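For the sequence shown, the numbering used here assigns the number 355 to the initial residue and increments by one for each residue that follows.
Glycine included, every Cβ here is placed at the ideal spot set by N, Cα and C.
Since the model is a prediction, treat every value here as computed from it, not as a measurement.
To keep things clear, I will list the structure first and then write my remarks on it.
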Amino acid sequence: MRISEVIQKIKDYSRGKDAHTNQPIDDALSRDQVLYGSIDKECTGIVTTCFASVEVIEKAHACGANLIISHEALFWNHGDHTDWLEAEKNSVYLRKKKLLDDYGITVWRDHDYIHSGMPGANNTWYDGIFKGFLHDTGLEKYYVPNINDSVKYSIPVMLNLPGLTVREVADMIIKGAGLNGIRLIGDPDAVVHNACIPMHLIGFADKETISMINIKNIDLLITMELIDYTVNEYMRDGACLGDPKAILACGHFNTEEPGMKYMLNWLPEALGTDTIPMTFIKSGDASQYILP
355 MRISEVIQKI KDYSRGKDAH TNQPIDDALS RDQVLYGSID KECTGIVTTC FASVEVIEKA
415 HACGANLIIS HEALFWNHGD HTDWLEAEKN SVYLRKKKLL DDYGITVWRD HDYIHSGMPG
475 ANNTWYDGIF KGFLHDTGLE KYYVPNINDS VKYSIPVMLN LPGLTVREVA DMIIKGAGLN
535 GIRLIGDPDA VVHNACIPMH LIGFADKETI SMINIKNIDL LITMELIDYT VNEYMRDGAC
595 LGDPKAILAC GHFNTEEPGM KYMLNWLPEA LGTDTIPMTF IKSGDASQYI LP
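Here is the structure:
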């Protein structure tokens, strides 16, 4: 099977509509582009990962794969633009590019399609990324369906916990997702019931998130991107006032990578074959922690 066919079969298997707007994905505007290499060749093996790092590229070559399916960008910017890197002859860019050339590896990004919905039971759809996170961490059983969602597990993901401490939830995530640790805002021993995985908290529309926390009485956030101001400050003040408010700041890639691992559960069906070697290679937790 050619790489171009692999990509098209995955797109066809996906719901192909934005989970919130319900509009069809426009391939010309989608994040899901071929980030590097040729698609006009036979696929010798597939590697799924969150970020196609240099280490992942080396491991993909070692296992004989010539297609990496990554969830995030390859060259460190939104849209994966490389003209500026070429113009300044960026050293890291040129060496990473040479590695891909030497190994003959193609990189395709699967971001919008996997979030758009994968087929579930009884003609339902689920977000393929957050399904993986909830599955690996053992939090899936606490999921609260939103009747307005056309896609299960789409952001914001609501969880109804049976009175767990923040520390217990953190332990589930660290073990399930294989993390080096988690940043904590709030009391680790606070007992929490209503948890949420919100959209990235980067300063835009964060007032809406604070309102949601207040209205839905959310006491624990499990976050991807998290800036120090807005929601972070709000939850910190709530905790200081005695409310059971806490944030477990897992990190963007750490939260989404399990979905690329879970991809191996449905990829053979999507391709209609299991004869192509398929491997998940973890890009891994990029953070280490120096403690006093």
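Of the residues V408, A475, M632, the one placed nearest D455, counting alpha carbons only: V408
Where do the ends of the alpha helix (DSSP H) carrying G517 lie? That residue, G517, is in no alpha helix (DSSP H); its beta strand (DSSP E) goes 511-519.
In the DSSP output, which residue or residues are listed as bridge partners for R356? E396
Would you mind working out which of K443, V401, C417 sits nearest S424, comparing C-alpha positions? V401
Candidates D628, K636, I635, T577: which alpha carbon is nearest V360's? D628
Does C404 come out as helix, strand or coil in the three-state DSSP assignment? coil
Are the CB atoms of L428 and Y390 nearer to each other than 9 angstroms? yes
Report the three-state DSSP secondary structure of T436 (helix, strand or coil). coil
Kindly identify the DSSP beta-bridge partner or partners of C550. M512, L575
Anticipated Cβ contact below 8 angstroms, A600 with V505, distance rounded: Rounded, the Cβ-Cβ distance is 27 angstroms, inconsistent with contact.
Would you mind giving the Cβ-Cβ distance between L575 and M553, rounded to the nearest angstrom? I have them listed as a contact below 8 angstroms. No, L575 and M553 are not in contact; Cβ-Cβ is about 11 angstroms, not under 8 angstroms.
Counted within 10 angstroms of its Cβ, other Cβ atoms place P598 as buried (16 or more) or exposed: buried
Taking the beta strand (DSSP E) that S637 falls in, what are its first and last residues? Counting along the chain, S637 falls outside any beta strand (DSSP E), and DSSP gives it neither H nor E.
Determine whether the beta carbon atoms of R484 and G613 lie at a separation below 9 angstroms. Looking at the sequence itself, residue 484 is Phe, so the reference to Arg does not match. Yes, they are a contact pair.
Could you give the first and the last residue of the continuous beta strand (DSSP E) run that contains T460? 460-463
Three-state secondary structure assigned by DSSP to S445: helix
Near S508, what residues of its chain come up, given a Cβ to Cβ distance below 6 angstroms and the 5 sequence neighbours on each side ignored? A373, D481
Among G418, D525, I357, S641, the one whose alpha carbon lies nearest that of Q387: I357
Which same chain residues end up closer than 7 angstroms to I630 when comparing Cβ atoms and leaving out the 5 residues on each side of it in sequence? M355, C397, G399, I400
Evaluate C550 with the Cβ neighbour count: other Cβ atoms within 10 Å of its Cβ, from every protein chain shown; 16 or more gives buried, anything less gives exposed. buried
What's the C-alpha gap between T609 and D437? 30 angstroms
Specify the secondary structure class of Y497 as computed by DSSP and reduced to three states. strand
Determine the contact status of E426 and R449, defining contact as a CB-CB distance below 9 angstroms. no
How about G532 and D381: are their beta carbons less than 9 angstroms apart? no
In angstroms with no decimal places, state the Cα-to-Cα distance between M512 and H547. 11 angstroms
Among residues of its own chain, excluding the 5 on either side of E494, which ones have a beta-carbon nearer than 8 angstroms to its beta-carbon? K485, L488
What does DSSP give as the partner residue(s) for K506 in the beta ladder? Y480
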